[in-house]
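Below is one structure; the comments refer to it alone.
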Amino acid sequence: MLMMKGHEVESPPPHTAMYYPYAATYYPHTTTILHQRRRFFCHNCKRGIASSPVTIPSISDKMTAPYGSWKSPITTDVVSGAAKRLGGTAVDARGRLVWLESRPAESGRGVLVVEAENPGGEAVDITPKEFGVRTLAQEYGGGAFTVSGDVVFFANYKDQRLYQQSISSLDVPPIPLTPDYGSPVVSYADGIYDGRFNRFVSVREEAQVLVSGSDFYAFPRLDPKCERIAWIQWSHPYMPWDKSELWVGYISEKGEIYKQVSVAGNDPALVESPTEPKWSSDVHSIKVLVVCRQQGKSYLGIIDDEPDSKLTLLDIPFTDIDNIVISKIVSLFLFLWSKSILEMHYQSYCAITPLQTSGNDCLYVEGASAVSSSSVAKVNSGKVDGKRLCITGGSAGGYTTLAALAFKETFKAGASLYGVADVNLLRAETHKFESHYIDRLGGGEKGCYERSPINHVDKFSCPIILFQGLEDKVVPPEQARKIYQALKEKGVPVALVEYEGEQHGFRKAENIMFTLEQQMVFFARLVGHFNVADDITPIKIDNFD
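Pasting the structure below:
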């Protein structure tokens with residue numbers, strides 16, 4: 203076992219990936235270019251804001267190296283340090299784009315950035331160095347900031363308090379809005395500023411409770427006159443994509459909600475799991491724009507703020523929609539509804555939605571059988587060497603990795619990043635947001651037992667390396683430790699790397715780099731039987747070294 207020190211993280215997508223070592227030709231002489239990584243553009247300045255330099259080979263000289271041992275121009279340093287994670291966008295009073303960057307080189311610190319005043323100028327950091335923008339609501343976070351005019355409201359990672367800050371007066375430090383509880387015991391997310399009553403409405407507890415009764419709330423949104431508020435709510439045992447409802451509340455002169463109306467979601471046959479409500483900007487014809495799901499696809503629709511109102515779907519070419527924004531600004535993509543009732547642009551950025559999740563029903567989608575079948579097809583087509591086929595995945599993908607090694611004979615080694623080994627243990631220990639999620643996927647206690655790799659250790663025969671954050675509340679460290687100890691006792695080559703300060707996913711640059719390097723070396727030593735080109739010191743592998 204190896205323990206590393208680090209900081210907390212935001213969850214990456216729970217995908218499973220296969221590693222295929224090939225023989226290849228590489229070129230030692232290279233030319234530097236600008237490689238666009240997760241690049242998006244401002245609507246008015248066409249300027250990219252997240253790119254990192256890498257190199258591409260020339261064709262003057264070439265060398266042949268076996269099975270993955272060539273020198274790659276895309277290093278782990280480039281992948282872990284230079285690639286900033288982008289999440290969340292807004293527009294300030296001057297029409298400038300504001301966005302959130304997660305910076306691995308700064309231990310994953312979240313920084314708000316505003317575009318330059320003039321085209322060609324440098325973007326400016328809004329967030330002071332002693333602050334980090336991130337909320338721990340529902341463990342996954344999301345919805346950590348909002349902009350109203352010249353003011354940005356954000357949740358600070360260290361103390362989880364809400365702060366307000368002037369964008370134009372960056373020399374003035376952020377002002378706390380919520381009490382200091384001595385530790386981050388209360389989290390806030392997905393808030394909006396209510397100009398009518400000079401208050402900030404947020405998901406989580408505040409001095410005045412506006413709505414209660416359901417287990418979860420999200421997306422509070424005020425209409426243009428601040429007379430109505432829309433929100434999404436759902437309760438156990440459902441997840442928000444299973445059965446959520448759109449409600450509208452009417453606000454009194456005292457700022458209280460005196461009337462609540464269920465608008466959509468109560469009858470899934472009409473509207474299934476509405477989410478992300480947005481009010482139209484036309485105060486004379488109040489409509490609500492929502493994203494809803496029907497049979498696994500996302501749709502954008504218009505609905506009235508009255509009970510049993512009819513949903514009108516917009517005909518757009520997208521099947522998965524999030525982070526919708528209503529704006530008066532003409533953008534690259536424009537949709538018009540009727541007589542200017544709605545003007546909006548769809549942002550295809552790498553957006554994060556408030557209260558992120560680990561992936562809709564990911565245990566259904568990322569099944570070990572599906573991954574195994576697709577990999578066998580690659581082997582049969584001659585594109586992959588079946589004797590050197592490895593699998594790696596994080597979160598639900600980590601479960602898929604462990605399940606594939608336990609229940610299938612397709613792969614020769616695996617790497618699990620914060621994956622689930624004992625599904626029943628996860629049911630007992632996981633956080634509130636997903637506390638009933640497993641029951642709907644695993645088929646009760648018996649089904650979860652049968653699907654848990656930890657209960658089938660006798661079927662494991664392939665080497666495996668495990669990576670785990672010690673502050674992970676989604677998949678607690680006990681999961682990795684339990685499967686590690688069981689495989690070690692069985693005699694399977696196994697290694698465990700633990701990171702202090704990391705949560706569900708790895709944010710710190712050195713931890714991301716170390717994880718990538720050790721996966722590569724692990725597969726090279728135990729399956730590929732080749733020496734990697736980079737100077738990487740391998741960690742000790744139990745039952746092998």
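Residues 203 to 747 (this note's numbering) make up the sequence shown, in order.
Where a beta carbon is used, it is the ideal one built from N, C-alpha and C, also for glycine.
Collapsing the DSSP output to three states places residue 447 in a strand. Nearest C-alpha to residue 742 among 456, 650, 667 and 708: 667. When rounded, the separation of the alpha-carbon atoms in residue 435 and residue 739 is 50 Å.
A Cβ-Cβ separation of about 18 Å leaves residue 442 out of contact with residue 431 under the 8 Å criterion. In the structure shown, residue 429 falls within a coil segment according to DSSP collapsed to helix, strand and coil.
Distance from the CA atom of residue 479 to the CA atom of residue 660, rounded to whole angstroms, is 50 Å. Annotation for residue 681: the continuous alpha helix (DSSP H) segment containing it runs 679-692.
In the structure shown, residue 465 adopts extended strand secondary structure according to DSSP, grouped into three states.
603 is the residue among 585, 596 and 603 whose C-alpha sits nearest the C-alpha of residue 573. Within the same chain, 623, 624 and 656 come within 7 Å of residue 684 by CB-CB distance, once the 5 residues on both sides are set aside.
Within the DSSP secondary-structure output, residue 305 pairs in a beta bridge with 311.
Inter-segment contact for the segment 315-325 and the segment 380-389 is absent: fewer than three beta-carbon pairs are separated by less than 8 Å. Per DSSP, reduced to three states, the secondary structure at residue 650 is helical.
The beta-carbon separation of residue 672 and residue 712, rounded to 15 Å, does not stay under the 8 Å limit for a contact. Annotated as proximal: residue 372 and residue 326, with beta-carbon spacing under 9 Å.
The C-alpha of residue 736 is placed about 11 Å away from the C-alpha of residue 276. Taking residue 433 as reference, the option from 447, 629, 595 and 369 with the minimal CA-CA separation is 447. When the five nearest sequence neighbours on each side are left out, the beta carbons in the same chain lying within less than 7 Å of the beta carbon of residue 394 are those of 348, 403, 422, 423 and 424, in order along the chain. By the criterion of a C-beta distance shorter than 6 Å, residue 654 is surrounded in its chain by 624 and 625, once the five residues flanking it on both sides are discounted. When DSSP states are grouped into helix, strand and coil, residue 601 belongs to the helix group. The alpha-carbon of residue 647 is positioned some 27 Å away from that of residue 475. Burial check for residue 286: the Cβ neighbour count within 10 Å reaches 16 or more, so the residue is buried. For residue 712, the enclosing alpha helix (DSSP H) has its first and last residue at 711-725. Residues 395 of the same chain have their beta carbon placed closer than 6 Å to that of residue 350, with the five preceding and five following residues left out of the count. In the three-state scheme derived from DSSP, where H, G and I count as helix and E and B as strand, residue 400 is classed as coil.
A direct Cα-to-Cα measurement between residue 570 and residue 708 gives close to 24 Å. The beta carbons of residue 334 and residue 360 sit about 7 Å from each other, so the pair counts as a contact at 8 Å. Residue 596 is positioned such that its CB atom lies closer than 9 Å to that of residue 620. Membership of residue 580 in the alpha helix (DSSP H) is indicated by the continuous run 570-582. A direct Cα-Cα distance of roughly 20 Å separates residue 467 from residue 459.
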